[in-house]
Ligand SMILES: [Zn+2]
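Residue numbers (the UniProt record's numbering): 1 to 397.
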């Protein structure tokens with residue numbers, strides 16, 4: 001019986017399964033530290049003779065890891081980057097059929113938080129560290145693992161800065177987010193903004209003495225919607241996307257303390273995701289201009305009123321040319337060519353902005369990420385393994 005099952009299951013190497021299992025077993029939900037995972041991978045890198053570069057966050061509770069396996073001539077410049085994030089989304093409130101941090105194989109799938117997004121890819125890479133270290137590399141191979149991708153690509157900013165700052169200049173980067181092993185050249189930018197409206201509290205019968213923070217926030221929410229409508233109706237459009245235009249939406253609002261009190265505080269979160277033809281900085285300026293106008297109105301009601309704008313996350317979009325070398329390489333390594341662009345943001349835009357030509361290509365389907373019973377098909381992992389082996393072969397003399 002067992003033999004039959006094994007015969008029908010795609011061949012994923014034992015080392016890869018062991019590493020993925022180990023990585024999923026470390027709960028790296030974005031709100032918590034990722035250091036146990038980073039320490040484990042760093043030890044594996046060191047065991048093979050390379051000292052990794054750790055780029056910590058401000059309070060030292062998290063870190064990015066960069067490991068450069070030099071070419072045989074000692075060179076660390078150029079070469080290829082394999083990149084992934086180490087954090088996962090929470091399992092709070094989700095009903096799982098098996099323990100989310102204890103991976104389980106059922107019917108040709110590996111279940112577990114991060115199996116698809118993206119410890120499958122990262123585990124397959126880490127499982128090859130010995131092979132990479134032993135190879136006679138013509139050019140270096142860089143591993144780049146980040147923190148806090150799931151809350152706005154926060155860690156990768158410093159990761160890319162470090163690589164650029166050290167002049168590594170890789171010629172191509174693969175971000176292994178789940179694409180079903182398709183080679184994805186484009187995605188939208190993601191910009192997450194929080195606005196705190198500070199009004200003035202008063203008894204609700206005394207409206208002229210207060211400044212209603214909720215009403216001013218609501219005025220701004222209407223503005224966000226009007227900009228969204230404008231993009232939907234007037235474009236610009238890019239039909240490679242499922243939603244072929246820039247989107248803007250208010251997703252969270254909090255304000256007020258009682259039914260008979262004019263609210264002094266209201267906080268609002270909105271996001272916009274822009275396509276390649278839209279300048280996301282100019283769009284942010286447009287929102288800031290409207291906020292300045294609203295703040296002027298608030299101050300006219302009471303000089304102490306006002307608002308604060310916080311950019312929670314700003315991850316650039318990706319627009320890699322169809323004829324870029326990285327696109328050709330990824331296809332040669334077994335990635336499936338695709339004209340489609342994806343709606344979800346990744347760290348690829350940050351690498352691209354750092355002058356590192358990048359595509360997204362990794363195992364699993366994004367619709368299987370983030371949900372309860374997250375899984376990755378074993379045959380996707382097998383394809384990913386073959387892809388990585390071709391990357392190493394490509395770099396080997
Ligand atoms: Zn991801």
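Where is the CB? At the ideal position from N, CA and C, for every residue including glycine.
| Check | Outcome |
| --- | --- |
| Taking 6 Å as the limit, tell me which residues put their C-beta closer than that to any heavy atom of ligand 1, in chain order. | 85, 117, 118, 149 and 177 |
| On the CB-based measure, 16 or more other CB atoms within 10 Å of its CB, does residue 203 come out buried or exposed? | exposed |
| Looking at the structure shown, is residue 357 part of a helix, part of a strand, or coil, going by DSSP? | coil |
| Which residue wins for smallest C-alpha separation from residue 354, given the options 173, 367, 229 and 62? | 173 |
| Have a look at residue 68 and residue 42 and give me their C-alpha separation to the nearest angstrom. | 12 Å |
| Of the choices 145, 103, 117 and 34, whose alpha-carbon is the least far from that of residue 53? | 145 |
| Look at residue 250 and residue 221 and say whether their C-beta atoms are less than 7 Å apart. | yes |
| Expressed to the nearest angstrom, what Euclidean distance is found between the alpha-carbon atoms of residue 397 and residue 73? | 11 Å |
| Using a Cβ distance threshold of 8 Å, determine whether the stretch 117 to 133 contacts the stretch 352 to 371, with at least three qualifying pairs required. | yes |
| Which same chain residues end up closer than 7 Å to residue 235 when comparing Cβ atoms and leaving out the 5 residues on each side of it in sequence? | 245 |
| Consult DSSP for residue 36 and reduce its assignment to one of helix, strand or coil. | helix |
| Does the beta-carbon distance from residue 307 to residue 197 come in below 7 Å? | yes |
| Specify the secondary structure class of residue 5 as computed by DSSP and reduced to three states. | Per-residue confidence for residue 5 stands at a pLDDT of 47, beneath the threshold of 50, marking its modelled position as unreliable; the derived number appears in the next sentence. Looking at residue 5 - three-state DSSP - the assignment turns out to be helix. |
| From the DSSP secondary-structure annotation, give me the bridge partner or partners of residue 213. | Residue 213 pairs with nothing; no bridge assigned. |
| State the Cα-Cα distance for the pair residue 101 and residue 295, rounded to the nearest angstrom. | 47 Å |
| Determine the burial state of residue 2: buried for a count of at least 16 other Cβ atoms within 10 Å of its Cβ, exposed for fewer. | Any reading at residue 2 is ruled out, since the residue's pLDDT is 47, under 50, leaving its predicted position unreliable. |
| Hey, is the stretch 92 to 106 in contact with the stretch 130 to 150, meaning 3+ C-beta pairs nearer than 8 Å? | no |
| With C-beta atoms as the reference, is residue 122 less than 7 Å away from residue 152? | no |
| Let me check understanding here. Comparing Cα to Cα, which of 376, 56, 393 and 61 lies closest to residue 107? | 376 |
| According to DSSP, residue 250 sits in a beta bridge with which residue or residues? | 270 |
| Three-state secondary structure (DSSP) at residue 113? | coil |
| I need the straight-line Cα distance from residue 274 to residue 206, nearest angstrom please. | 43 Å |
| Any chance the stretch 184 to 191 sits against the stretch 314 to 331, with 3 or more Cβ pairs inside 8 Å? | yes |
| Identify, in the order they occur along the chain, each residue of the same chain with its Cβ nearer than 8 Å to the Cβ of residue 332, setting aside the five sequence neighbours on each side. | 390 and 394 |
| Could you check what DSSP says for residue 166 in three-state terms: helix, strand or coil? | coil |
| According to the Cβ coordinates, are residue 140 and residue 76 closer than 7 Å? | yes |
| Opposite residue 405 in the DSSP bridges: which residues? | In the structure as shown, the chain begins at 1 and stops at 397. Residue 405 is therefore absent and cannot be evaluated. |
| Can the beta-carbon of residue 176 be found closer than 7 Å to that of residue 264? | no |
| Around the Cβ of residue 383, are there at least 16 other Cβ atoms within 10 angstroms (buried) or fewer (exposed)? | buried |
| What does a CB cutoff of less than 7 Å around residue 12 pick up in its chain, not counting 5 residues either side in sequence? | 378, 381, 382 and 385 |
| Under the rule that 16 or more other beta-carbon atoms within 10 Å means buried, what is residue 86, buried or exposed? | buried |
| Hey, how far is the Cα of residue 229 from the Cα of residue 272? | 12 Å |
| Relative to the alpha-carbon of residue 357, which residue among 302, 270 and 80 has its alpha-carbon at the smallest distance? | 80 |
| Closest to residue 223 by CA distance: which of 281, 291 and 348 is it? | 291 |
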